[in-house]
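Residue numbers (UniProt numbering): 1 to 359.
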């Protein structure tokens, strides 16, 4: 079992004017693939470096399985790390790169060969072991870097945006391979990324970070579907935030509330977090394209009349811009449903997909 905990962590720069990381408590569970997600400067890489021992916090504790490792140097923590740049030695073959950590640990040569072969088979790079980095593609170099990290049999794996240097198609392929590898090894992993789709696809749980602090922790479904803050709602996809006020709690079991938008005399049902939102709360209604569709003739709930402003053809669908309470939202239709600019339509806003975020 490998469980990582951060307690009362603080790291600041310039006399505290810049907060790089401020985390009251974070637990990464055994065998979990945990994501640290956020924009540049959010503190995700600083948090990872604090876990790795590459950055020392100003205060707080890092624990692995209850043991305080805050003062241990990186090489004593038993953690494997894959960097954004992969950091392969250009003058060493793939075999020698993978074996480097084992040689530092003075592992016998026979055991080194056995372990390198094991890691190479796991990453399917057996045919690359005699090649130098310049003779390999980006994806192949990335696999060598991962093999080097796992060959030392670390307690946990740390990934610092390892796919950011790959093209989109290769990134998608390696993303799947990394997740499959983590499951096969059953190893606790912490994964830093700024890519929302990457975090949603790969991670068991995600911490969304902003300005050094954690905005929300949850499963991909919770983070995307039930954002806790305005920042999370905006960061996790194309979202229009429309101010409104909660008129009533309609259904506690479904966390449904009725929201009156501040402009346009419009009332809509939406989900919310009832621990943070009550009657008369001021909220933002988070509207994503998937919450908006053309209404069926018999529907009445959450149905409003709008005008099409502009439209764009995007290959597999059309996307139209419409105005709701003075705010622009998107409506998507199949390619066989084409609407004219200026035409009036009835749209349905799905209450299960709309979410009211505290202001």
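Every residue gets a Cβ at the ideal spot worked out from N, C-alpha and C, and that includes glycine.
Problem set entry | Pairwise C-alpha distance: residue 179 and residue 129 | Within the chain shown, the letter at position 129 stands for residue 129. Within the chain shown, the letter at position 179 stands for residue 179. Distance between the alpha carbons of residue 129 and residue 179: 23 Å.
Exercise. DSSP puts residue 317 in a beta bridge; with which residues?
Worked result: The residue you call residue 317 lines up with position 317 of the chain shown. Residue 317 is bridged to 334.
Problem set entry | Collapsed DSSP secondary structure at residue 34 in the structure displayed | As a working note, residue 34 is residue 34 in the chain shown. Residue 34: strand per DSSP, three-state reduction.
Problem set entry | Nearest to residue 39 (by Cα), restricted to the options 163, 240, 235 | Within the chain shown, residue 39 is the residue found at index 39, counting from 1. Among 163, 240, 235, the Cα nearest to that of residue 39 belongs to 235.
Exercise. Unbroken beta strand (DSSP E) runs of length 3 or more, entirely within the segment 57-82: which are they?
Worked result: 59-64, 79-82
Exercise. If you scan the segment 127-180 from start to end, which runs of the alpha helix (DSSP H) of 4 or more residues do you find wholly inside it?
Worked result: 138-150
For this session: From the DSSP output, read off the bridge partner residues of residue 291.
Result: Walking along the chain shown from the start, residue 291 turns up at place 291. Answer is none; residue 291 lacks a bridge partner.
Problem set entry | Secondary structure of residue 310, DSSP reduced to three states | Sequence index remark: in the chain shown, residue 310 carries index 310 (1-based). Of the three classes helix, strand and coil, the one that applies to residue 310 here is strand, per DSSP.
Exercise. Over what stretch of residues does the alpha helix (DSSP H) that includes residue 117 continue unbroken?
Worked result: As a position in the chain shown, residue 117 is number 117, starting the count at 1. Looking at the DSSP string, the run of the alpha helix (DSSP H) that includes residue 117 is 109-123.
Exercise. Distance, Cα to Cα, residue 166 vs residue 146?
Worked result: Position 166 of the chain shown, counted from the first residue, corresponds to residue 166. Position 146 of the chain shown, counted from the first residue, corresponds to residue 146. When rounded, the distance between both Cα atoms is 14 Å.
Problem set entry | Cutoff 8 Å; reference residue 253; Cβ partners in own chain excluding five residues on either side | Taking the first residue of the chain shown as 1, we reach residue 253 at position 253. Counting only Cβ-Cβ distances below 8 Å, and skipping sequence neighbours, we find nothing.
Problem set entry | residue 232 - DSSP class collapsed to helix/strand/coil | For this step, residue 232 is matched to residue 232 along the chain shown. Three-state result, residue 232: helix.
Problem set entry | Nonlocal neighbours in the same chain, by C-beta distance under 8 Å from residue 83, ignoring five residues either side | Translated into positions along the chain shown, residue 83 becomes position 83. Cβ within range, chain order: 145, 160, 162.
Problem set entry | Three-state class that DSSP yields for residue 297 in the structure shown | Within the chain shown, the letter at position 297 stands for residue 297. Coil, per DSSP.
For this session: Specify the secondary structure class of residue 378 as computed by DSSP and reduced to three states.
Result: Summary: the structure shown does not reach residue 378, with the chain confined to residues 1 through 359, and so no result is reported for it.
Problem set entry | Backbone CA spacing between residue 271 and residue 123 [nearest angstrom] | Residue 271 sits at position 271 when you count from the first residue of the chain shown. Residue 123 sits at position 123 when you count from the first residue of the chain shown. Roughly 43 Å separates the two Cα atoms.
Problem set entry | Extent of the continuous beta strand (DSSP E) run through residue 211 | By 1-based counting over the chain shown, the position of residue 211 is 211. That residue, residue 211, is in no beta strand (DSSP E); it is neither H nor E in DSSP.
For this session: For residue 140, I'd like the list of residues in its chain whose CB is within less than 7 Å of its CB, leaving aside the five on either flank, ordered along the chain.
Result: Along the chain shown, read from residue 1 onward, the residue named residue 140 stands at position 140. Within the same chain, residue 140 has close Cβ partners 125, 128.
Problem set entry | Residue burial classification, residue 337 (beta-carbon count within 10 angstroms, cutoff 16) | Position 337 of the chain shown holds residue 337. Flag for residue 337 reads exposed.
For this session: Out of 239, 207, 135, 93, state which residue places its alpha-carbon closest to the alpha-carbon of residue 284.
Result: Taking the first residue of the chain shown as position 1, residue 284 is located at position 284. Looking at the Cα atoms, 239 is the closest of the given residues.
Problem set entry | Reduced DSSP secondary structure (H/G/I, E/B, other) of residue 364 | The shown model of the chain, from 1 to 359, leaves out residue 364, and the question about it has no answer.
Problem set entry | DSSP-derived helix/strand/coil call for residue 99 | As a first step, residue 99 must be located in the chain shown, where it is residue number 99. Helix.
Exercise. In whole angstroms, what is the alpha-carbon distance linking residue 193 and residue 220?
Worked result: One-based indexing of the chain shown puts residue 193 at position 193. One-based indexing of the chain shown puts residue 220 at position 220. Those two C-alpha atoms are separated by around 14 Å.
Problem set entry | Inter-stretch contact at 8 Å, needing at least 3 Cβ pairs: the segment 34-52 / the segment 185-204 | yes
Exercise. Would residue 339 pass as a contact of residue 320 if the rule is Cβ separation under 8 Å?
Worked result: Along the chain shown, read from residue 1 onward, the residue named residue 339 stands at position 339. Along the chain shown, read from residue 1 onward, the residue named residue 320 stands at position 320. Yes, the pair counts as a contact, with Cβ atoms nearer than the cut-off.
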